[in-house]
DNA sequence: TAATTACCTACCAAGTCAATAGGTAATAGG
DNA sequence: CCTATTACCTATTGACTTGGTAGGTAATTA
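Protein chains in written order, with my numbering: chain A, 7 to 137; chain B, 7 to 137.
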């Protein structure tokens, strides 16, 4: 299941895109509009900045802004930052321990297919589709 | 993410179907073949019995068997027993608290669509496809 | 009646998640 | 230059879930 962090991250990205400005958007305002604790959002936005999906600046009129046009962001790249994994099962997750039954496992191909289905959906979905 | 319980449940169902017999299949043997702790499998198989996907009997030559042909089982009905939810996000999960922003939420339709994608895949996939 | 098997209740350690607390550093406007 | 504003940093907490174990009782058949 995708956590609140992931859902919030997406909403933050959409919120910034919606402002449709080249100015920095303050987190305080995003938190108010989205009705999410600003303190909590800080931990989420940090991940977005670290991954270069957002750029932030301090001080008066500071805040965050996108680094590329909304149509160039896909959901997968946003969500993978906040989620331990986006795989539906450990079997197809690169971060999980490898299963030694993988080669003989009758269910593995199905999990692999399902994983593909989800990944493709998320990679195809672009941020501008939410505006 | 689908838990080990769910993955094991599926493997148990396949294992029983594979034996291709009308006799009861003992959990001891399933555990050995699948290399899963029998004790742990007990908790999983109980859910399958409670939901009438399997029927079990005690005593010598006891064990579990299917109640219908493998082609009549779909993955969704099996996995939903072991997972708290099969929804990718709380927003589209009937068991989770309702989000009051649902009606105005820009992301909700996308989550709904993703949920549908996954559910449909799992409901279409039948047990006999693994034999 | 004895072996075999399912079935039942309880428990535990580790990990994850959602969220809060209390700061420090950078920047722009007056 | 100073002060308000804003991002950024580190640590902590309680609740919950997961994966798995322990130690039994009840049912069935040879």
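We put the beta carbon where it would ideally sit given N, CA and C, even for glycine.
In this text the structure is predicted, and so the values were computed from the model without any measurement.
Within 10 angstroms of the beta-carbon of residue 19 of chain B lie 16 or more other beta-carbons, which makes it buried.
According to the DSSP assignment, residue 63 of chain B belongs to the beta strand (DSSP E) that extends over 60-63.
Under the three-state reduction of DSSP output, residue 52 of chain B falls in the helix class. Between the segment 121-132 of chain A and the segment 73-86 of chain A, the count of C-beta pairs closer than 8 Å reaches three or more; the two stretches touch. Think of a sphere of 7 Å around the beta carbon of residue 95 of chain B: the chain A residues whose beta carbon falls inside it are 7, 8, 13, in chain order.
Counted as a single uninterrupted DSSP element, the beta strand (DSSP E) harbouring residue 72 of chain A occupies residues 69-72. Judged by beta-carbon spacing, residue 22 of chain B lies within the 7 Å limit of residue 72 of chain B, meaning their Cβ atoms are closer than that value. Under the criterion of beta carbons closer than 8 Å, residue 133 of chain B and residue 70 of chain B do not qualify as touching, at roughly 14 Å. Below the 8 Å Cβ cutoff, chain A contributes 94, 120, 123, 124 as neighbours of residue 124 of chain B, in chain order. Between residue 16 of chain B and residue 113 of chain A, the C-beta spacing is below 7 Å. Residue range 33-40 is occupied by the alpha helix (DSSP H) that includes residue 37 of chain A.
Per DSSP, residue 99 of chain B lies in no alpha helix (DSSP H) segment and is marked neither H nor E. Sequence-distant Cβ neighbours of residue 34 of chain A in its own chain, meaning closer than 8 Å and more than five residues away, are 44. Taking CB atoms only, residue 88 of chain B has no neighbour in chain A less than 7 Å away. DSSP places residue 80 of chain A in the strand class (E or B) of the three-state scheme. Residues of the same chain with a CB within less than 8 Å of the CB of residue 28 of chain B, apart from the 5 flanking positions on each side, are 71 in chain order. Taking C-beta atoms as the reference points, residue 14 of chain A and residue 68 of chain A fail to come closer than 7 Å. Residue 94 of chain A is classed as buried because its beta carbon has at least 16 other beta carbons within 10 Å across all chains shown. Nearest in C-alpha terms to residue 135 of chain B, of all of B:75, B:40, B:60, is B:75.
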